[in-house]
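Chains A and B supply the protein sequences, listed in that same order.
Going by numbering that gives the first Met the number 0, the letters in the first sequence line up with residues 0 to 556, in that order.
Going by numbering that gives the first Met the number 0, the letters in the second sequence line up with residues 0 to 422, in that order.
Note that CB positions come from ideal geometry on N, CA and C, so glycine has one too.
Working notes for the structure below.
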Amino acid sequence: MIYYVCKYTPVEVFAGFHVETKPLEHMAADFEHADRVVHANLCGFGKSVIEAVLSGNVKELVLVNCCDSMRRTYDHVKKTGLTDFLFLMDLPHDGHSFCSNEKLGREIRRLISEYETYSGKKFDVKAFFQAFHSGKAKEGPYIGMLGVRAGAELIEMAQGAFSLPVRNETCVSGREIWMDVPDVESTDFSEIDYARSLMAQLPCRRMGRPGARNQLFMDPNCKGVIYHTIKFCDFYGFEYAEIKDKLEVPVLKIETDYTTQSLGQLTTRIEAFAETIGAVKRNDEMKREIKENGFDMEHPEKFLVAGIDSGSTSTDVVIMNGNREIVSSLIIPTGGGAALSAEKCLLEALEKCGKKREEIARIVTTGYGRNYIADGDESVTEITCHAKGAHYLLPSVRTIIDIGGQDSKAIRVDENGAVKNFLMNDKCAAGTGRFLEMMARTLGLSLEEMSSLGLDWKEDVVISSMCTVFAESEVVSLVAQNKALPDIIHGLNNSVAAKVGALAARLGEEGDYILTGGVAKNKGIIKALEEKMNVKLYICEEAQICGAIGAALFALQ
Amino acid sequence: MDIYQKFGSYMEKQIVKQPDQARKKLIVAYRAKQGIDRMFTDKRVPASKKYLTKLAMDTMIQVLSKPEQSAMTSLFVPSEPLAAAGITPYSPEAMSSFMTGSKIERPFLQKTSEEGMPDSMCSYHRVFLGAADTGVCPEAPFLIYTNLACDGNMITFPYLMDKYGIPGFFIDVPYEKTKESVQFVADQLREMNVFIEDYSHKKITQEALKQRILTADETLKNYRKYLHACKTHYIGGTLTHEMYQVFITHMLLGTNQAYQYSRMLLSDILKGEPTGDRTKLLWIHMMPFFSEPMKELFEFSDRAVVQASDIVYDACFSLDAEKPFESMAKRMVYSGFNGSPEQRIKNALDAAEYTGADGCVIFSHWGCKTTIGAAGLIQEELGKKGLETLILDGDGCNPAGNSDGQTKTRLEAFLEMLKEKER
Chain A
0 MIYYVCKYTP
10 VEVFAGFHVE
20 TKPLEHMAAD
30 FEHADRVVHA
40 NLCGFGKSVI
50 EAVLSGNVKE
60 LVLVNCCDSM
70 RRTYDHVKKT
80 GLTDFLFLMD
90 LPHDGHSFCS
100 NEKLGREIRR
110 LISEYETYSG
120 KKFDVKAFFQ
130 AFHSGKAKEG
140 PYIGMLGVRA
150 GAELIEMAQG
160 AFSLPVRNET
170 CVSGREIWMD
180 VPDVESTDFS
190 EIDYARSLMA
200 QLPCRRMGRP
210 GARNQLFMDP
220 NCKGVIYHTI
230 KFCDFYGFEY
240 AEIKDKLEVP
250 VLKIETDYTT
260 QSLGQLTTRI
270 EAFAETIGAV
280 KRNDEMKREI
290 KENGFDMEHP
300 EKFLVAGIDS
310 GSTSTDVVIM
320 NGNREIVSSL
330 IIPTGGGAAL
340 SAEKCLLEAL
350 EKCGKKREEI
360 ARIVTTGYGR
370 NYIADGDESV
380 TEITCHAKGA
390 HYLLPSVRTI
400 IDIGGQDSKA
410 IRVDENGAVK
420 NFLMNDKCAA
430 GTGRFLEMMA
440 RTLGLSLEEM
450 SSLGLDWKED
460 VVISSMCTVF
470 AESEVVSLVA
480 QNKALPDIIH
490 GLNNSVAAKV
500 GALAARLGEE
510 GDYILTGGVA
520 KNKGIIKALE
530 EKMNVKLYIC
540 EEAQICGAIG
550 AALFALQ
Chain B
0 MDIYQKFGSY
10 MEKQIVKQPD
20 QARKKLIVAY
30 RAKQGIDRMF
40 TDKRVPASKK
50 YLTKLAMDTM
60 IQVLSKPEQS
70 AMTSLFVPSE
80 PLAAAGITPY
90 SPEAMSSFMT
100 GSKIERPFLQ
110 KTSEEGMPDS
120 MCSYHRVFLG
130 AADTGVCPEA
140 PFLIYTNLAC
150 DGNMITFPYL
160 MDKYGIPGFF
170 IDVPYEKTKE
180 SVQFVADQLR
190 EMNVFIEDYS
200 HKKITQEALK
210 QRILTADETL
220 KNYRKYLHAC
230 KTHYIGGTLT
240 HEMYQVFITH
250 MLLGTNQAYQ
260 YSRMLLSDIL
270 KGEPTGDRTK
280 LLWIHMMPFF
290 SEPMKELFEF
300 SDRAVVQASD
310 IVYDACFSLD
320 AEKPFESMAK
330 RMVYSGFNGS
340 PEQRIKNALD
350 AAEYTGADGC
360 VIFSHWGCKT
370 TIGAAGLIQE
380 ELGKKGLETL
390 ILDGDGCNPA
400 GNSDGQTKTR
410 LEAFLEMLKE
420 KER
């Protein structure tokens, strides 16, 4: 089996040797082996190729000189000596020039020659020509997965979330080669014609003239775009920045490190996106009938529902009546698992308002632990719930800034509280509650002390590092320089504000603004954010339970 | 807070509030800096390096004040045809270094984050993209770029073409180092010459180009002699001076000024003091010239000296004025920054031998996949030949991407290790 990684690979050549080919498309579980031989900052796909070779799964491999990372991947794979056949094809950048096609033609001849030497087989021109066949035209509405290659696991996960088919149009997919096949028995082929056919494909972003890619973003059948990037793959990260404001369909940007470990966090975002564009694939469990028989139109205040937000740091419960009034609410630290914390929090919240579990007609769960809570009738992502909750707290809200323990988000909502667009931080902890917790620990302070101490700053200390690890080292060195604590905290607040402010700026300016999540209690962060964004943030007592309020409102619906 | 930090702080606010004014103030500040340098001359700096500073500053001031007389070029684009046409090379990488040196890189990096450009991209490109987007850096009439050395070029330059609506020329350098590859590039360089003539409205005569190639060749010959003299002689300088060498071997190569500098440099080193006990280092890749611990260790230091960087040594190629396009093409195709790391390893070993380096530092610049991906392989191969090598992670153009504590500890430990080995 010949594995390949790029759609420009001349795979028809291998049909001429009667050998099967397959794209190398599985995400690695981790980079246990690859990290031992290659720098951590090489792109995840490159590392997944090295991982596959080191684990002995790939013996025959054709790589393409597509980018700096793939060139270095080739060097490392070659050094392992674990492949039986390894070929790096030099791919020109310009498919429109004769010289480039001539050059690629020479590479194709070189590939044939090297495979003949390796396999001892003779190239069969007839079989080669038979490998060309026209693809089926794709019709009907779909969700486009664009950007850099998405692993089979990611495609499968996305497909499970949408009611529409997910079409993989990432860089390695959509391979379409057209070539005139001679009628008469031919003993040779024109490598330049074949090269021209390969180069005539819809260009990947790395090519010299990627303008034709616009057709990917303008297809009227495309009802939504999931744009995938891999950490350290700049071509597609940059393309997203270029096209994000031009797209006329809803778009969700996701970033992975090309391991299956990334998929957990992405499930939330992809499901939220499906909710946003009204293309959710609901399974039977999710389609439970709403229990309307408990609703008394005469006394809606007696009808009770609950929303549970199971976050990484805290679990929040809101009990609401049919008048959309909050009857009880409670926040407890998440500990001992999402299900246990949720149950405990719900029971204590019920106790607080003197109600019983049986009186709750319906429960909606949200947050990271939402799918692990058995009590819930339905689960909705925290993005949709935050939007609903924020609209409840401030009907004029259009932008929600949520800084949670594990992630930060900027959510744009319409006048009805429906999500129009949202952005989340990547896996990095900078700009999250976790960052502040770590810095508080480094400074030997409580979060409450951090909240107010930073307001009394005198010197404008700059914490330039966004990376939590570097920032910690910077803080340690500032302490060693006897810098005043308020000044350091002010620097940290500005650092968080810069990260979160950038997230909001990418969403575009539109008020009113609300700050939600646990960090909304931090006065220093509020001030720094307001200054950075040059807007007034709406802060309220219920800011931390915004997600749970949204979940309760969904339960009412 | 030193004067540079104060200036950076003031300019950061200017960039956000009045980007159009910020450029004018930068030009004034750079001119003022030249005046200060003339009045308060540092006696430790040899004449050649003072001249080098002037050349680099002049180039940047020229680009900022008269962009219409410049062409945006990536670092490895041959400079001789531009020199023949009298066009100032406007290198985004060099401009970014100047912005970082002026301590104003943060608003530009922030701008790229706000635009959603990936943070994993090389900061030399990100700083420039931010500077272009804010309007601080001006547009040029046309641009030329190549895939050589960095994928970042393939992103930055097409973006600038679209943003400014200016014509661009791309030089595709093949992976393999073969005669066919040289011919393939030489043909493109011939087209590039015509492109420059078309868009600059200046004629590049065969004679003028030949003269520029001859001048470049003489410059590089002097430079090689200088590097060899470094084996036994020492002249002081700053890390910024070391960074400026790239102006001579790349952007300004082929100009009379670069040649003049190379002569002065050779003369200075031959009069220099013996290297003595200083640990001599070969540097691979870019250099974080702003790093305080590195300045402490290497600037006018009796302890250690960075003698050469591989990016500069790589350019020291013999050129044949009778075959100008083939010569320039060969320099690109056979560059250590093209293709597999084998050539880069060979260059590093040659350079270490030639300059008598005691050890080597590979700077794994954040976002540079070419170097990051090859760092381990280069280290291993150099180690096999007895050249101790340190891989130092950091960022050459974004101070926030470096940890001073780590840099200091790792470099000092490496120097201690080399000294121990000497004993």
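Taking C-beta pairs closer than 8 Å, name the residues in chain B that residue i reaches, listed in chain order.
i             : result
residue 406/A : Going along chain B, no residue has its Cβ under 8 Å from residue 406/A, so there is no contact; the nearest lies around 16 Å.
residue 74/A  : 339, 340, 372, 373 and 376
Could you pull out every residue in the same chain whose Cβ sits closer than 8 Å to the Cβ of residue i, ignoring the five residues on either side in sequence?
i             : result
residue 19/B  : 134
residue 121/A : 115
residue 6/A   : 170, 171, 172, 173, 174, 200 and 203
residue 240/B : 44, 48, 51 and 52
residue 28/A  : 258, 259 and 260
Please say whether residue j and residue i have beta carbons closer to each other than 8 Å?
i             : j             : result
residue 384/A : residue 553/A : yes
residue 59/A  : residue 34/A  : no
residue 485/B : residue 307/B : Residue 485/B is absent from the structure shown; chain B starts at 0 and stops at 422.
residue 378/B : residue 361/B : yes
residue 165/A : residue 142/A : yes
residue 211/B : residue 253/B : yes
residue 107/B : residue 129/B : yes
residue 230/B : residue 354/B : yes
residue 242/B : residue 288/B : yes
residue 453/A : residue 485/A : yes
For residue i, which residues of its own chain have a beta-carbon under 7 Å away from its beta-carbon, when the five flanking residues on both sides are left out?
i             : result
residue 406/A : 423, 424 and 431
residue 299/A : 320, 321 and 322
residue 168/B : 143, 191 and 194
residue 97/B  : 59
residue 78/B  : 88, 249, 250, 251, 252 and 253
residue 84/B  : 195, 199, 201 and 203
residue 393/A : 511, 513 and 537
Could you list which residues in chain A have their beta carbon closer than 7 Å to that of residue i, in chain order?
i             : result
residue 18/B  : By Cβ distance, chain A contributes nothing, its closest Cβ being about 16 Å from residue 18/B, past 7 Å.
residue 153/B : 205
residue 404/B : 472 and 476
residue 290/B : Within chain A, no residue comes near residue 290/B; the closest Cβ sits about 13 Å away, beyond 7 Å.
What residues of chain B sit near residue i, judged by a beta carbon separation below 9 Å?
i             : result
residue 321/A : Chain B residues near residue 321/A: none, gap ~43 Å exceeds 9 Å.
residue 3/A   : What residue 3/A touches in chain B: nothing, since even the nearest Cβ is about 17 Å away.
Find the residues of chain A that neighbour residue i, judging by a C-beta separation of less than 8 Å, and give them in chain order.
i             : result
residue 369/B : 67, 70 and 71
residue 109/B : 497 and 501
residue 95/B  : Within chain A, no residue comes near residue 95/B; the closest Cβ sits about 16 Å away, beyond 8 Å.
At 9 Å on the CB atoms, spell out the chain A contacts of residue i, in chain order.
i             : result
residue 150/B : 66, 67, 68, 205, 233 and 234
residue 363/B : 38 and 40
Along chain B, which residues have their Cβ under 7 Å away from the Cβ of residue i?
i             : result
residue 483/A : Those within 7 Å of residue 483/A in chain B number zero; the least Cβ separation is about 15 Å.
residue 243/A : 115
Using a Cβ-Cβ cut-off of 6 Å (strictly less than) and excluding sequence neighbours within five positions of residue i, which residues of its own chain qualify?
i             : result
residue 265/A : 253
residue 95/B  : 123, 126, 127 and 396
residue 341/A : 307, 309, 314 and 372
residue 170/B : 145 and 187
Query raised in the report: Residues in the stretch 87–100 of chain A with C-beta within 8 Å of chain B's C-beta atoms, listed in sequence order?
Result: 87, 89, 91, 92, 93, 98 and 99
**Report entry** Any 3 or more C-beta pairs closer than 8 Å across the stretch 332–349 of chain B and the stretch 261–270 of chain B
**Finding:** no
Query raised in the report: Using Cβ-Cβ distances below 7 Å, what residues of the stretch 112–146 of chain B are close to chain A?
Result: 112, 113, 114, 115, 116, 117, 119, 120 and 146
Query - Under 9 Å (Cβ pairs) to chain A, residues found in the stretch 166–195 of chain B - result: 169, 171, 173, 174, 175, 179, 180, 183, 186 and 187
Query raised in the report: At a Cβ cut of 8 Å, what residues of the stretch 369–385 of chain B count as close to chain A, listed as they run along the chain?
Result: Identification of residues in the stretch 369–385 of chain B having a C-beta nearer than 8 Å to some C-beta of chain A yields 369, 371, 372, 373, 374, 375 and 376, given in sequence order.
Query raised in the report: Three or more beta-carbon pairs under 8 Å between the stretch 90–105 of chain B and the stretch 0–14 of chain B, yes or no?
Result: yes
Query raised in the report: In the stretch 492–508 of chain A, which residues sit with their C-beta less than 7 Å from some C-beta in chain B, listed in chain order?
Result: 497, 501, 504 and 505
Requested in this report: With 8 Å as the limit, tell me which residues of the stretch 33–64 of chain A have their beta carbon closer than that to any beta carbon of chain B; keep them in chain order.
Outcome: 36, 37, 38, 40, 41, 42, 45 and 64
Requested in this report: Please determine if the stretch 439–452 of chain A and the stretch 495–507 of chain A are in contact, where contact requires at least 3 C-beta pairs separated by less than 8 Å.
Outcome: Verdict: no, contact absent.
Query raised in the report: Counting pairs of Cβ atoms below 8 Å between the stretch 73–82 of chain A and the stretch 13–31 of chain A, do you hit three or more?
Result: no
Query raised in the report: Between the stretch 327–356 of chain B and chain A, which residues of the former have CB atoms less than 7 Å from a CB of the latter, in chain order?
Result: Against chain A - using a Cβ distance shorter than 7 Å - the residues of the stretch 327–356 of chain B are 339 and 340.
Requested in this report: Check whether the stretch 225–241 of chain A touches the stretch 146–159 of chain A, taking contact to mean three or more Cβ pairs, one atom from each stretch, closer than 8 Å.
Outcome: yes
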